[in-house]
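**Student:**
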Amino acid sequence: MTFNYSVSPDDWLGIAPIVVLVVMALVVMLVDLVLPHEGQRSKHSGPANFTVLPAVTFLGILAAMAAAIVLFFVQHRAAVFNQMVGADNGTLYADLLVLSAGGLGILLSPAYLKRLRLVHQGEYYALMLLAMTGMMLMASALSFLIVFVGLEMFSLALYILCSFIEQRQMSQESGMKYFLLSSFASAFLLYGIALIYAASGRTSFVDVQQFVLKQGGHAPILLLVGLGLLTVGFAFKVSAVPFQTWTPDVYQGAPAPVTAFMSIGTKVAALLAFVRVFGFVLSSVQNDWLPIIWTLAVLTVLAGNLMAISQSNIKRMLAYSSVAHGGYLLIGIVISGQAQQNHIGASAILFYLTCYLFMNIGAFGVISMLERSDNSGYDLADLRGLWYRRPVLAGMLAFFLLALAGFPPMAGFAGKYYLFYSALVGGHPELLVIGVIASVLGIYYYLRFIAVMFMEGRDTPRVGTIPTTSGKIPTTPRTRVSGSLSRPLPSSRGGTAVAEKPATARVADLPVPAAAVIENENTHELEGWSWLALIIAGLGTLLVGVILPFWLPQLQQAAQSLLK
Amino acid sequence: MPLSAYLIMSALLFTIGVIGVLIRRNPLIIFMSIELMLNAVNLSFVALSHFLDSADGQMFVFLVLTVAAAEVVVGLALIVSIYRRRHNIDVDEMNIMRG
Amino acid sequence: MTFDIVSFIVLAVATTATALGVIAFKNAVHSALSLILTLLFLALFYLQLQAMFIAVVQILIYAGAIMVLFLFVVTMLAPDQNESDLKDAIPWQRIVGGLLGLVLVAALSYELFTGAQITGPKAAAGNSLTQAVTAYHGDTQAFGMALFHGFLFPFEVTSLLIIVAILGALVFGRRAN
Amino acid sequence: MTNLSLWVLLLPLLGFIILGLAGRFMPRTAILAVGWGACGLAFLCAAISFFSMLATPAAQRTSDQVVYHWISAGTFSLDFGLLLDPLSMTMLLVVTGVGLLIHIYSAGYMADDPSFWRFFAYLNFFIFAMVMLVIANNFLFLLVGWGLVGLASYLLIGFWYQRRSAVAAAQKAFVINVIGDFGLMLAIFLIFQGAGRLDYAGVLTHTFPAATATAIALLLFVACAAKSAQLPLYMWLPDAMEGPTPVSALIHAATMVTAGVYLVARAYPLFEQSPAALAVVAGIGGATALFAATIALFQLDIKRVLAYSTISQLGYMFMAEGVHNYSAGIFHLVTHAFFKALLFLGAGAVIHALAGEQDMRKMGGLWGRLRVTGLTFLIASLAISGIIPFAGFWSKDEILGSVLAYGNQTGNVWYYILWAIGILTAGMTAFYMFRLFFGIFAGDYRGASVAVNDNTNGDVEEQEAAAAGHHHAGPVRYNSIHDVAPVMSIPLIILAILSVIGGFIGSMALFGLPNWSPLANFLPAAMHNHAAEGSLTLEWISTGLSLLAGVLGIGMAWRLYGKGFAFKQNSNPLYQLVFHKYYVDEILNAVLIIPVLALSRTLSRYLEGDVLDGGSRGISTLFRGTSTFMRRVQTGYMRNYALGILLGVVVIIVYYAVRG
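Residue numbers (UniProt numbering), protein chains in the order written: chain A, 1 to 564; chain B, 1 to 99; chain C, 1 to 177; chain D, 1 to 660.
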C-alpha cells in the first residue's frame with residue numbers, strides 16, 4: 001500500500017473538519033489583506049480589525065464543528081489516508097473538544113488584543129486556526145508520522161502565539177522557553193518513534209499493534225526504550241512531572257486567551273495520542289510500561305497540587321493546577337492499558353477533558369479580563385476585594401475555581417468522580433486514594449484565592465480610591481498607570497527588576513489620560529465577546545457534569561472505536 | 001556494517017546534542033544542538049529503512065527535514081526579535097518568571 | 001578490513017569530532033560551520049546506506065539552505081555575544097549535564113547493542129523498498145511514488161507547516177519596524 | 001403524607017442566591033425579609049411535613065423521593081433524592097427551628113456590622129447545606145452537604161477576617177475538617193466497592209464482610225469525630241469561637257457539630273455490623289466528655305467554656321450511640337440544641353452588652369442589669385446540669401441509664417467505668433456551668449477596675465486587641481450596661497421555654513409512664529433500637545447519682561463563687577495543666593509546627609533568603625513549607641528545565657536497561 005495507495009474523496013470527507021479549518025485560516029489571511037490598515041485615522045481606532053477577523057474565525061470554527069457533527073451521522077470510513085488518520089467517533093469527539101477550546105479562546109481575544117493595541121491580527125487568528133488544526137491532527141493520528149507532524153505543527157503555532165506580544169518581556173521569554181524546551185522534548189519523541197520503528201518495522205498504529213500482539217507479552221528491548229522515549233514526548237505536552245517545568249512559565253507569560261486555549265488543546269491532542277498508543281497499541285505489553293506511567297501519574301498529581309499551594313499569582317497557580325489535572329488524566333491512561341478496560345479509561349479521559357475544558361477556559365477567561373497591559377493585575381493582592389469592585393467577574397472566577405476544586409454540582413466533580421470510579425473498576429484503588437488525597441489538597445489553594453476575593457481589601461491602598469459602589473470600572477487610567485509604576489512587579493526579585501524596566505517605562509510614557517480613556521471605551525465595546533465566552537464556559541461547566549453523563553454509554557462506545 | 005553500529009553512532013550524536021542543549025547559553029548554539037539531535041535520529045531512520053527494507057524511515061527523514069526547516073525559520077526569527085529588544089540573547093538572562 | 005568498515009569508521013570519527021565541535025566552540029560561527037560539516041558527513045552516511053535521494057536533499061536543504069540561514073543570523077548577532085564574559089549562573093549544570101549525558105549514551109548503546117541483534121521484521125512484499133526501487137527504476141522514483149500515494153497526507157500537512165513558519169516570520173519580522 | 005422537604009432545601013438556597021447577588025444593594029429590612037423569610041418558610045414547611053408525618057401510621061413514615069436521576073452507565077448510577085423519615089424530620093426541625101431563632105437574634109447582634117448582608121447570606125447558605133446533609137438519600141450527597149457545611153463554617157469562622165486569629169482559626173478548622181472529609185470519602189468508596197451502590201436504602205440493608213464493615217464504620221467515625229470535635233480532632237472547635245457568637249450558637253453548638261451524631265445514627269446498621277467500631281465510638285465519646293469537661297473547669301473566656309462544654313456534651317451523645325441507644329443520642333442532640341444555643345445566645349448578649357468583652361474576670365454583678373439574659377442563662381445552666389425537670393435531665397438520664405444497663409447486660413466492666421465517667425462529667429458540668437453563671441452574674445462588677453495581668457491567658461488579650469466589628473474602647477461603665485433589645489431577647493425566651501419543656505418529648509418511663517415517650521417512639525420507626533433495657537432499680541440508681549452529682553457540682557460552685565468570681569493564680573501543676581488545656585496547642589506547636597517552620601525557614605534561607613512570611617501558621621504550614629520547597633525546582637533557567645527533562649529520560653532509559 002505504501003507505493004500504490006490512491007486517495008479517494010472518502011479520504012477527504014473523513015477529515016472534513018480539518019479541511020474546513022485550513023480553508024478558513026487562508027480566508028482569514030485574505031480578509032486581513034483587504035481590511036484597511038493604513039489610512040487617515042489611526043489604526044487603533046478603526047474597529048474593523050477587532051471585530052471582523054474574530055467573527056470570520058469564529059464562523060470558521062462553527063463550520064468545522066458543524067462538519068464534525070454531520071460526520072457523526074454520515075456513514076464514513078473510520079480510518080482514512082492509508083490508515084494514517086482516524087475519523088471515528090472518538091476522534092470526532094476530540095475534534096469537537098479542540099474546536100470548543102479554540103472557539104472560546106477566540107471569543108476571549110478581541111478585547112484582550114484591543115487592550116494591548118495589537119493591530120496586525122490576521123496572523124493571530126490564522127495561527128489559532130492552524131494550531132487547532134495541528135491539535136486535531138495529533139488527536140486523530142493513526143500513524144506515528146502524523147503524531148509527529150501534528151505535534152510539530154501546533155507547537156510551532158503556539159511558540160509564535162506565546163511570544164505574540166512584543167512589548168512584554170515575559171511574553172518573549174515564554175515563547176523562547178517553550179520553543180527550546182519543546183523542540184528538545186520532541187527530539188526525544190522522535191527518537192522514541194525511531195526505536196519503535198526499529199523494533200516493529202512499521203510506523204502505523206495498526207501494524208505496530210499487530211507486531212506487539214505477536215510478542216506474547218514480552219516486548220523486545222528496542223520497543224521498550226522506544227516507548228520510554230515516546231512517553232517523554234507525550235508527558236512533556238501533558239506537563240507530567242518531571243517534564244512539567246515549562247508549564248508555569250509559559251502559561252504566565254503567554255497572552256491569557258492563548259493560555260486558556262493551549263492549556264486545553266495541548267492536553268486533548270497529547271492525551272488522545274497517548275491513550276491510542278498506550279491504551280490500545282501497546283496494551284498487550286502493559287506490564288512493561290505500567291510502572292512508568294503509574295509513577296508519572298502519582299508524581300504529577302502530588303507535585304502539581306503541592307506546588308500550587310504556595311503560589312500567589314493566579315495564573316501560575318492555575319498552571320500548576322493544570323499540571324495536577326494532567327496527572328488525574330494520566331490515571332485514565334493507566335486504566336486504559338488494562339485489558340478489557342480500554343474504553344473505560346479512554347472514556348474517562350474524554351469525559352474529564354470535556355469537564356476540564358469549560359472550567360479551565362472560564363478561569364483563564366476571567367484572568368484575561370483582569371490582566372493589565374504589563375501582564376500584571378492577577379496577583380493575590382490584586383484579587384483582594386475583587387468582589388466589591390467587579391462582583392460578576394469575581395463571582396464567575398469563584399465559580400470556576402470551585403468547579404476546578406471539584407465541588408459538586410459543577411463539572412469538575414462529575415469528571416473526577418467518573419475518573420476515580422474508573423480507577424476503582426480498573427483495579428487501581430491506590431490511584432484512587434492518591435487522587436482523592438491530592439484533590440483534597442487542591443481544595444485548599446483554590447479556596448485560598450476565593451477567600452481573598454471576598455475579603456474587603458481595606459488595607460490595600462488602591463481599593464480605597466475606588467468607591468465600592470461603582471463596581472464596574474476595573475482599570476481607570478489612573479489606577480492602571482500608578483498601579484504598574486508603584487507596585488513592584490510580582491516576579492521582580494533579584495536582578496530582574498532592571499530587565500523589566502522597558503515595559504514599565506512604556507506604559508508610563510503613554511499620553512496617559514486621552515489614550516487610556518479611548519482605549520477603555522473601545523475595550524468596553526469588545527468585552528461583549530469575552531462575556532459571551534465566559535457565559536458559554538459557565539453554562540458548560542454547569543451542564544456538562546449534569547447532562548453529559550446521560551451519554552456515557554455512547555461516549556464509551558466512541559472511546560472504544562479509537563483504534564479498531 | 002551491522003545495524004547496531006549505525007544505531008549506536010546515532011545515539012552518540014544524539015547525546016552530544018543533548019549535552020549541547022544543557023551546557024550552552026547561546027540560544028543559537030542550543031538550537032544547533034537540537035538540530036544535531038534531529039539529525040542523529042535521521043541517521044537511525046535511514047539505517048533502519050535500509051535494513052528493514054521499508055520506505056517509512058526515509059519518509060520520516062523527509063518530514064523531519066521539512067519540520068526542521070520550518071522550526072528554524074520561526075526560531076531564528078524569534079531569537080532575532082528578542083535580540084532587537086534587549087540586545088542580549090543569553091538564555092540565562094531570561095528568568096523573569098520562576099517559582 | 002573491507003572498504004565498508006574502513007569508510008564507516010573514518011566517517012564515524014569525523015562526524016563525532018565535528019559534532020563535538022558544535023557544542024565546544026566558543027564562537028557561534030565556528031559552531032555553525034562545524035554543524036555544516038557534520039551534516040555533510042551524515043549525507044555520506046546516507047549514501048553508504050543507499051538512500052540517494054535523502055542524501056541529496058540533506059545536502060541541498062540542510063547544509064545548503066538551513067545552515068545558511070543559521071550562519072546569517074549568527075554573524076548578525078554573534079559579535080556581541082561572548083558567552084565566557086558572563087559568569088555562569090548555574091555552574092553545576094555543566095557537570096551534572098555531562099554526567100547524565102554519559103549515563104544516557106552508555107545505557108542507550110547497551111540497549112541498542114542487545115536490541116539490534118534481534119533482526120527486525122522485514123517489510124511485506126507490497127511495502128518492500130528494494131522491490132519498489134527495481135519496479136520504478138530507481139530510488140528517487142520509488143520515493144516519489146510513496147510520497148504521492150501512501151504518504152500523501154503527511155506530505156500535504158507539511159505545506160501547512162510551512163504556512164505556519166511563514167506566518168511566524170511575518171509576525172516576528174514586522175516587529176523590527 | 002405531605003412532603004415539603006424539597007422546599008426546606010430550596011428556600012434557604014434561594015435566600016442565599018438573592019442575598020449573595022443583590023444583598024449589598026439592599027436595605028437592611030429587605031435583607032432581613034429575605035434572610036428570615038427563607039429560613040422561616042423552610043421551618044414552616046418542615047413543621048407542616050412533621051405534623052403530616054405524625055398523622056401517618058408509623059410504618060409509612062419513610063419517604064424516599066428521587067428528585068433527579070443523574071448518571072446511569074452500567075453498574076454506575078447516581079441519583080439525587082430526599083429521604084424523609086423520623087430521623088431526618090427531627091434534624092430538619094432542629095436545624096430550621098433553631099436556625100430561625102438565631103436568624104432573628106442575629107438581626108440585633110450584627111446590627112452594627114458593615115457586612116450585614118454577607119452574614120445573612122452565609123447563614124442561609126449554611127442552612128441550605130445542613131438541610132442537604134440531613135435529607136440526602138445517599139452517601140454521596142451526604143458528602144456534598146458535609147463538605148458544604150464545612151465550607152460555610154470556614155466562611156463564618158473567618159467572618160471577621162481582619163482579625164488574624166480568626167483567619168488562623170478558620171484555617172485550623174478547615175484542615176481538621178479536611179481530615180474528616182477524607183475519612184468520609186474513603187468510607188464512601190469502600191461502601192461503593194462493597195455494596196455497588198450508595199443510596200441508604202441499598203447500603204444499609206447490605207451485609208459487608210466483617211473487616212470491611214469495621215473499616216467503613218471506623219472511617220465514618222473519623223469523619224464524625226472531626227466534624228463533632230471528638231478526641232483527638234477536637235482542637236478546632238474552641239478556636240472556632242472566633243466567629244460571631246450567633247454562628248457559634250448555630251453551627252458550633254446546635255447543628256453542624258452534631259452532624260457526626262446524626263451520621264452515626266443514620267448509618268447505624270453499618271455500626272451494628274461491627275461491635276469493635278461501636279466500642280470505639282462509646283470509648284471516644286466517654287473520653288472526650290471527661291477530657292473536655294476538665295478543660296472547661298478553669299477557662300476564663302466565657303465562649304471557650306461553652307465550647308469545651310459542647311465538646312463534652314457531644315461526647316455524651318456518642319456514648320449513647322456506642323451502647324446502641326441511637327435515639328437517646330438524638331434526643332440529647334435535640335435538647336442540647338435548645339439549651340446550648342440558649343447559652344451561646346445569652347453569652348452573646350453579655351458580650352454585646354459589654355462591648356465585646358469575653359473575659360470572665362471583667363464581668364460580675366450583671367444580674368442587676370441583664371435580667372432577661374440572666375434568667376434565661378440560669379434556666380439553660382440548670383438544663384445542662386441535668387436538674388430535674390429541665391430538658392437536659394431527661395436526655396442525660398436516658399444516656400447514663402442505658403450505659404449502665406448495657407454494662408449490666410454484657411457484664412463488661414468497661415461500661416461501668418464509662419458510666420462512672422458519665423456521672424463524674426455530669427458533676428463537673430454542673431460545676432463549671434455555675435462557675436460561669438456566678439462569674440457573670442453574681443458579685444460585683446469587676447469590669448471597670450481590674451487590670452488583668454497579661455501572663456495569664458494570652459488568647460483573651462489577643463482577641464481584645466484585634467476585636468473588630470465591636471468598637472471596644474475600654475471597659476464599659478456599670479450603669480451604662482443595659483439589657484438586649486426584644487429582637488434578641490425573644491429568641492432567648494423561646495429557647496428558655498424549650499429548655500424547660502423540651503425534655504418531655506423524651507422518655508418518661510422512669511415514672512411508670514412507659515408509653516409516654518413521644519420521641520423515643522417516634523424515632524424507632526426509622527431505627528430499631530438495640531438498646532439494653534435496664535431494670536427500674538438500675539434506672540433509679542443512675543438517675544439518683546447523676547442528679548446528686550449535678551447538685552453537688554452546683555453546690556461547690558456556689559460555695560466557691562457564689563459571692564462573685566475571683567481569679568486567683570494557682571501554681572498547682574495539675575491546675576496549670578488543665579488551665580492550659582493540657583498544653584495541646586503548645587505541644588502541637590512544639591512537635592509539629594515549630595520544627596516544620598524552622599525546617600522550612602532554614603531551607604529557604606539556605607536556598608534563597610526571605611521566603612516564608614511568619615504569618616501563615618497551623619498545620620497548613622506543613623504543606624506550604626513543602627510547596628515552597630518544591631517550587632524552588634522552578635528556577636526560571638531554561639537549561640535547568642532541560643536538565644529536569646533529561647533526568648526523567650535517563651531514569652526511564654536506565655530502568656529499561658536494568659530491567660532488560
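A virtual CB, placed ideally from N, CA and C, is assigned to each residue, including glycine.
Mind pulling the chain B residues with CB within less than 9 angstroms of ALA657 of chain D?
**Tutor:** Those within 9 angstroms of ALA657 of chain D in chain B number zero; the least Cβ separation is about 12 angstroms.
**Student:** Alpha carbons only, please: which of D:THR214, D:PHE437, D:TYR432 and D:GLY562 is nearest the one belonging to THR376 of chain D?
**Tutor:** THR376 of chain D has its Cα closest to that of D:PHE437, out of D:THR214, D:PHE437, D:TYR432 and D:GLY562.
**Student:** Taking 8 angstroms as the threshold (C-beta atoms), are VAL74 of chain C and LEU28 of chain B in contact?
**Tutor:** For LEU28 of chain B and VAL74 of chain C, yes; Cβs fall inside 8 angstroms.
**Student:** I'd like to know if GLU173 of chain A contacts chain C, where contact means its C-beta is closer than 8 angstroms to some C-beta of that chain.
**Tutor:** Not closer than 8 angstroms to any Cβ of chain C, the Cβ of GLU173 of chain A fails to qualify, so no.
**Student:** Look up ALA79 of chain A in the DSSP assignment and say whether it is helix, strand or coil.
**Tutor:** Here ALA79 of chain A sits in strand by DSSP.
**Student:** Among A:HIS428, A:PRO291 and A:ILE193, whose alpha-carbon lies nearest the alpha-carbon of TYR655 of chain D?
**Tutor:** Taking only the C-alpha atoms, the option nearest TYR655 of chain D is A:PRO291.
**Student:** Within 10 angstroms of its Cβ, does ILE547 of chain A collect 16 or more other Cβ (buried), or is it exposed?
**Tutor:** Exposed: under 16 other Cβ atoms inside 10 Å.
**Student:** State the CB to CB distance for the pair LEU225 of chain A and VAL281 of chain A, rounded to an integer number of angstroms; the pair is presumed to be in contact (CB under 8 angstroms).
**Tutor:** A small correction: the amino acid at residue 225 of chain A is Val; Leu does not occupy that position in the sequence shown. Incorrect: roughly 16 angstroms between the Cβ atoms, too far for contact.
**Student:** Since I believe ALA328 of chain D is in contact with ALA320 of chain D (beta carbons under 8 angstroms), could you give me their beta-carbon distance rounded to a whole number of angstroms?
**Tutor:** Contact flag correct, Cβ pair sits at about 4 angstroms.
**Student:** Could you work out which residues of chain D lie near PHE184 of chain A, taking near to mean beta carbons separated by less than 7 angstroms?
**Tutor:** In chain order: ALA642 and ILE645.
**Student:** For ARG385 of chain A and LEU393 of chain A, what's the separation of their Cα atoms in angstroms?
**Tutor:** Checking the displayed sequence, the identity of residue 385 of chain A turns out to be Gly instead of Arg. Their Cα atoms are separated by approximately 12 angstroms.
**Student:** Out of curiosity, what's the CA-to-CA distance linking ILE48 of chain D and PRO391 of chain A?
**Tutor:** Going from the Cα of ILE48 of chain D to the Cα of PRO391 of chain A covers about 38 angstroms.
**Student:** Between ASN55 of chain C and THR57 of chain A, what straight-line distance do the alpha-carbon atoms span, to the nearest angstrom?
**Tutor:** According to the sequence as given, residue 55 of chain C is Ala; it is not Asn. So the two alpha carbons sit approximately 42 angstroms from each other.
**Student:** In the structure shown, what three-state DSSP assignment does GLN65 of chain D receive?
**Tutor:** DSSP places GLN65 of chain D in strand when its eight states are reduced to three.
**Student:** Can you tell me which of the three DSSP states GLY426 of chain A falls into?
**Tutor:** It is coil, neither helix nor strand.
**Student:** Indicate whether at least one CB of chain D lies closer than 8 angstroms to the CB of VAL46 of chain B.
**Tutor:** Chain D, which has no Cβ nearer than 8 angstroms to the Cβ of VAL46 of chain B, makes this no.
**Student:** Spatial neighbours of ALA16 of chain A within its chain, please: CB distance less than 7 angstroms, with the 5 preceding and 5 following residues excluded, ordered by chain position.
**Tutor:** Closer than 7 angstroms at Cβ, skipping near neighbours: ALA67 and LEU71.
**Student:** Tell me the rounded alpha-carbon separation between ILE387 of chain D and GLN193 of chain D.
**Tutor:** Near 48 angstroms, if we compare the C-alpha coordinates of GLN193 of chain D and ILE387 of chain D.
**Student:** Check distances from the C-beta atoms of the region 179 to 213 of chain D to those of chain A and list, in chain order, the residues that come in under 8 angstroms.
**Tutor:** Residues passing the 8 angstroms Cβ filter: ASP181, PHE182, MET185, LEU186, PHE189, PHE192 and GLN193.
**Student:** Using a 10 Å radius around the Cβ and a threshold of 16 neighbouring Cβ atoms, would you call GLU519 of chain A buried or exposed?
**Tutor:** Interpretation of GLU519 of chain A is limited by its pLDDT of 42, a score under 50 that renders its predicted location unreliable; no figure is taken from the coordinates.
**Student:** Which of the residues in the region 49 to 68 of chain B, read from start to end, lie with their CB under 8 angstroms from any CB of chain A?
**Tutor:** Listed by position, the residues of the region 49 to 68 of chain B near chain A (Cβ gap below 8 angstroms) are LEU52, SER54, ALA55, ASP56, GLY57, MET59, PHE60, LEU63, VAL64 and VAL67.
**Student:** Is the Cβ of ARG85 of chain B closer than 8 angstroms to any Cβ of chain A?
**Tutor:** True, the Cβ-Cβ gap to chain A drops below 8 angstroms.
**Student:** Tell whether a beta-carbon distance below 8 angstroms holds between LEU302 of chain A and ALA405 of chain A.
**Tutor:** No; because the gap between Cβ atoms is not below 8 angstroms, this pair is not in contact.
**Student:** By a C-beta neighbour count over all protein chains shown, 10 Å radius and 16 as the cutoff for buried, is MET307 of chain A buried or exposed?
**Tutor:** Flag for MET307 of chain A reads buried.
**Student:** Return the Cβ separation of LEU53 of chain A and TYR125 of chain A in integer angstroms, given the expectation that the two are a contact with Cβ distance under 8 angstroms.
**Tutor:** Contact flag correct, Cβ pair sits at about 5 angstroms.
**Student:** What does PHE81 of chain A reach in chain C if we use C-beta pairs closer than 8 angstroms?
**Tutor:** Going along chain C in sequence order, the residues near PHE81 of chain A (Cβ under 8 angstroms) are LEU152 and PHE153.
**Student:** Indicate the three-state DSSP secondary structure (helix, strand or coil) for GLY86 of chain A in the structure shown.
**Tutor:** It is a strand residue.
**Student:** CB-CB under 6 angstroms to residue 569 of chain A, same chain, minus the five flanking residues each way: which ones, in chain order?
**Tutor:** This structure cannot speak to residue 569 of chain A, because chain A is shown only from 1 to 564.
**Student:** List the residues of chain D that ALA107 of chain C touches, going by C-beta distances under 7 angstroms, in chain order.
**Tutor:** Those within 7 angstroms of ALA107 of chain C in chain D are ILE653, VAL654 and ALA657.
**Student:** Of all the CB atoms in chain A, is at least one closer than 8 angstroms to the CB of ILE16 of chain B?
**Tutor:** Cβ-Cβ to chain A under 8 angstroms: no for ILE16 of chain B.
**Student:** Interface residues of chain B around LEU39 of chain C at Cβ under 7 angstroms?
**Tutor:** Within chain B, the residues near LEU39 of chain C are ASN39.
**Student:** Quick one: list the residues of chain D neighbouring VAL85 of chain A, beta-carbon separation under 8 angstroms, in chain order.
**Tutor:** Neighbours of VAL85 of chain A on chain D: none; closest Cβ ~29 angstroms, over 8 angstroms.
**Student:** If contact means a Cβ-Cβ distance below 8 angstroms, which residues of the region 229 to 250 of chain A contact chain D?
**Tutor:** Within the region 229 to 250 of chain A, the residues whose Cβ lies closer than 8 angstroms to some Cβ of chain D are LEU229, THR231, VAL232, ALA235, PHE236, PRO242, PHE243, THR245, TRP246, PRO248 and ASP249, listed in chain order.
**Student:** Hey, is the region 127 to 137 of chain C in contact with the region 20 to 40 of chain B, meaning 3+ C-beta pairs nearer than 8 angstroms?
**Tutor:** The answer is no - the region 20 to 40 of chain B does not touch the region 127 to 137 of chain C, with fewer than three Cβ pairs under 8 angstroms.
**Student:** Report the neighbours of ARG202 of chain A on chain B: residues whose CB is nearer than 8 angstroms to its CB, in chain order.
**Tutor:** Result: SER54 and ASP56.
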